[in-house]
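Below: one structure, written as structure tokens.
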């Protein structure tokens, strides 16, 4: 590898280098302790220095120096891991540089020329791979060490590296931590003790920052049941964030494809960089905070002051700019932020150069003034370009008019700063609350009603109207502490839909997708899928006590919204609890608004909640458990197992308390959720447990605790709700509720904010990432245990061996996914499938793993035998092998009897495994031979991208599952009878020749190879003689004769062959019409064949062969060797 020229003053500092070759201008050196004659104390010391010190000397054991005859200064210009690599560089210098140097007169010119040439070579090399790295030169050195030490496949992308200590017990090992796309690696070499650690991100269960007495602060990694601690990091927080991002990236890409497919920025594992990860994390945080669509990315950040009209002062904060939004968030604790869609901006004016100020003018006579903006001119131009308001000639008139309007607005604002209505404006009257919400249809408000509850409702509306006059209304409203206070007190019925749309960000989705919902409804109309069947089943279970859903109006709207969403997002389709949530949304928002609110909840606010594995809900339950430990220690002391609260709280998270609280109280919780996100639900959950703390501590079992919580939820009321009793969820016949003390929902929410409002959103997100690893690995472990439980009943492997075998199988599945953007194995992995079908191997993956595990080394990954084994065990001919099929094959070869092993080899040479001559690899095709499988495509296993996949799992939202096909498959499996040796067809001439070759391959390299070869030759000749005798005995016989020779085995076997000799004899006989020449031709064309019983009987007479096949296999050693070789085999490829 060429290096940036670096000056070295001492040629042989400390005698650590030995000169291998030199000339007038260059010296080739070898590091002492490497190569021939290396080792000893010198080698140990040098190796330790090479690992600990961060210098070029530790990069590689070979280097090339440049010097001139009249100078004592040397320049390192190249290094190499192997002698071949450094010699290649040396020869290039000899051929391309040496001749040129003779034309220079001075040493300075020679050195300048060499340095320029080397830098040019480095720049050429780094054009593609290193252009995105912060320090390409140092990164090249680190990359070389990474490749040398860990021998991972060349495609593995190194992201970053850090110097740190790794703790082995109580002893720290100083070395280097390397973080790549798929692996966490550590290397240390101290006085001959080498420590090398490789952990793939998808194997990590826990990743967290910890501290104890010995380690002030360290990073804890739990993988494979082992704890690993890394400390002494210069930038521990930065290191941990990168590790967290890489682990999260790996989990999303390999286990959680639904969320990964929504992040195209990180779709290519070969292009991941530290800078890219940091930018992605910032964009994700930006979108979460401002509730923006997933397409938005953080492009620019500017510190500035914003004039806040309602407070009459400038607040310090940051301007955040994305593709379609201009956002501001304060940093002075005022909790003020504002979101401005670019579509609302009509102009940007730079009003005051001295204060570096600019004013953003929006529709509806609104404006925002930013000051002390560094680079304010560039920011103003960027906003103009994104809004499309450039002053082009054809629009000069309109531009002048807008500028004049904005200038008058600015002048008025500067002269009358107290006129706040001009700044933030009033909501356009055309955007009044829609009257199409179900609540307004089925419960219209009576304006003249002067009941206390209605008066209080009008007071709430008045409070919000005052708030709108001060802080603005609509998309560019200021969000402040006062906004949250009003939310906690309760949102008026008339404003609920509008505010939900605003706080969730759904208002922006709907504005940027006009007509989208109506198109979806039209497209999804009349579709019949698994999702639509489930929707129809649940329609009448959605708030059945509410009048709106006792009529066709509400039911039809609910059907359209749920069906449209299932059509939009088939990965989620429909999940229980979506109907309850959507029915509440429809009460307060019109139909299209309810659809976009559902999109915001499912895809942004509650990610991964509504799928088969409800990963998001399980993660938030784990976060909830952490918060209980932190905030309710008394409860933890009494109930050490907090999993009870996880099971109880699942419905709280999935339905936002709607399923456990009366509807009039639950909507107040939904108000807080749309403003504060999941934080509001967590706070309320803690408040509920805190309120019932005494009763929960005194309860004896889980059933009593459930009863206590149910009674509490029944007692929750909303004393301010203006809804009539027909709409509210009454407790008819519930005698316990009357005796239980009433709890007002507003008081409960206020208490939750007062006691637990200090929970920060950033802490919740960090806890989510930390717990997501554990949740997904727990689900994966459950899958593994279920698979092993099914398989262990039918194989002789022990549970520990099956565990190791499953890990190898799963890792082989992932190995083709690590370095590929669209791996077929990754695309067809579906966690919602049955356990056995979640991880399956295509042919290429199978052949690699099988070659590592099969006991006789007869089947390398490029052998046609691999293809025949694959076809044989792929029972349903779908081009994929599951773990059960794989285990059955290995179990037969490892633990089967002599007869079963021989039967397996025999069937390898029959269809569908063996399809006949020619035996060239590229012509072998996965072709089912049975007539009932003729509808399958004739796919070549070697022409497919990586896996020949015929069967695809249907998408949940659009493809309808063929349940009858599944039931038929299960029935066939139940009724399948045990195959006997008499059921096997006879093996013909071509197949038998290949069978003999396979036996020779199996015996190759065995200590008894010679005697085994002789035994096979003896068996072969014996079978051929038996066949010849049988044929001769049959010659005079007519095909219609049924008499058999009782004392001639060959004749008997030959007559058994007669019904199935169609492929051997193609010409039917006609009685008495053939001459002797025709009969001779027929005999020549007729092929001989053998039954399995003949082959078995012959081989049983050879003790050497029987001993070979009955020799026990050390399964534990074989699995250990495969585990070590699995990754190296991929690297060598």
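Numbering (this note's numbering), first residue to last: 556 to 1688. For every residue, glycine included, the Cβ atom is placed at its ideal position computed from N, Cα and C.
Determine the contact status of residue i and residue j, defining contact as a CB-CB distance below 8 Å.
{"i": "residue 1277", "j": "residue 1012", "result": "yes"}
{"i": "residue 1577", "j": "residue 1457", "result": "no"}
{"i": "residue 1226", "j": "residue 1046", "result": "yes"}
{"i": "residue 697", "j": "residue 756", "result": "no"}
{"i": "residue 913", "j": "residue 900", "result": "no"}
{"i": "residue 529", "j": "residue 1432", "result": "Past the edges of the chain, shown from 556 to 1688, lies residue 529, and the structure says nothing about it."}
{"i": "residue 500", "j": "residue 1209", "result": "No answer is possible for residue 500: the residues shown for the chain start at 556 and end at 1688."}
{"i": "residue 1690", "j": "residue 992", "result": "The structure shown does not extend to residue 1690, since the chain spans only 556 to 1688, so no value can be given for it."}
{"i": "residue 837", "j": "residue 854", "result": "no"}
{"i": "residue 1153", "j": "residue 1213", "result": "no"}
{"i": "residue 1161", "j": "residue 1454", "result": "no"}
{"i": "residue 632", "j": "residue 622", "result": "no"}
{"i": "residue 760", "j": "residue 673", "result": "no"}
{"i": "residue 861", "j": "residue 844", "result": "no"}
{"i": "residue 797", "j": "residue 1043", "result": "no"}
If we ignore side chains and look at the alpha-carbon of each, how far apart do residue i and residue j end up?
{"i": "residue 1582", "j": "residue 1392", "result": "45 Å"}
{"i": "residue 735", "j": "residue 800", "result": "11 Å"}
{"i": "residue 936", "j": "residue 874", "result": "15 Å"}
{"i": "residue 1549", "j": "residue 1568", "result": "15 Å"}
{"i": "residue 1065", "j": "residue 1151", "result": "6 Å"}
{"i": "residue 1682", "j": "residue 1174", "result": "31 Å"}
{"i": "residue 776", "j": "residue 753", "result": "12 Å"}
{"i": "residue 1337", "j": "residue 1647", "result": "42 Å"}
{"i": "residue 765", "j": "residue 772", "result": "6 Å"}
{"i": "residue 985", "j": "residue 1030", "result": "Residue confidence is low: residue 985 scores 31 on pLDDT, short of 50, so the model does not pin down where it sits. No coordinate-derived value is stated."}
{"i": "residue 1139", "j": "residue 1080", "result": "23 Å"}
{"i": "residue 790", "j": "residue 1068", "result": "44 Å"}
{"i": "residue 807", "j": "residue 1232", "result": "22 Å"}
{"i": "residue 1344", "j": "residue 1039", "result": "52 Å"}
{"i": "residue 1113", "j": "residue 1094", "result": "7 Å"}
{"i": "residue 1558", "j": "residue 1564", "result": "6 Å"}
{"i": "residue 795", "j": "residue 741", "result": "15 Å"}
{"i": "residue 730", "j": "residue 1407", "result": "32 Å"}
Does the beta-carbon of residue i have 16 or more other beta-carbons within 10 angstroms, so that it is buried, or is it exposed?
{"i": "residue 786", "result": "buried"}
{"i": "residue 1202", "result": "exposed"}
{"i": "residue 1669", "result": "exposed"}
{"i": "residue 1091", "result": "exposed"}
{"i": "residue 1253", "result": "exposed"}
{"i": "residue 1132", "result": "buried"}
{"i": "residue 1021", "result": "exposed"}
{"i": "residue 1535", "result": "exposed"}
{"i": "residue 653", "result": "exposed"}
{"i": "residue 1123", "result": "buried"}
Candidates the options: which alpha carbon is nearest residue i's?
{"i": "residue 1104", "options": "709, 1312 and 997", "result": "997"}
{"i": "residue 562", "options": "649, 667 and 658", "result": "667"}
{"i": "residue 1671", "options": "844, 1365, 1400 and 1352", "result": "1352"}
{"i": "residue 1359", "options": "775, 711, 1250 and 1679", "result": "1679"}
{"i": "residue 1467", "options": "1428, 1439, 1073 and 823", "result": "1428"}
{"i": "residue 1644", "options": "1584, 804, 1666 and 1101", "result": "1584"}
{"i": "residue 1553", "options": "1436, 1535 and 1575", "result": "1575"}
{"i": "residue 1048", "options": "629, 1667, 1234 and 1223", "result": "1223"}
{"i": "residue 897", "options": "939, 705, 1404 and 661", "result": "939"}
According to DSSP, which residues form a beta bridge with residue i?
{"i": "residue 764", "result": "774"}
{"i": "residue 896", "result": "880"}
{"i": "residue 1034", "result": "892"}
{"i": "residue 727", "result": "722"}
{"i": "residue 917", "result": "900 and 921"}
{"i": "residue 783", "result": "776"}
{"i": "residue 1437", "result": "1395"}
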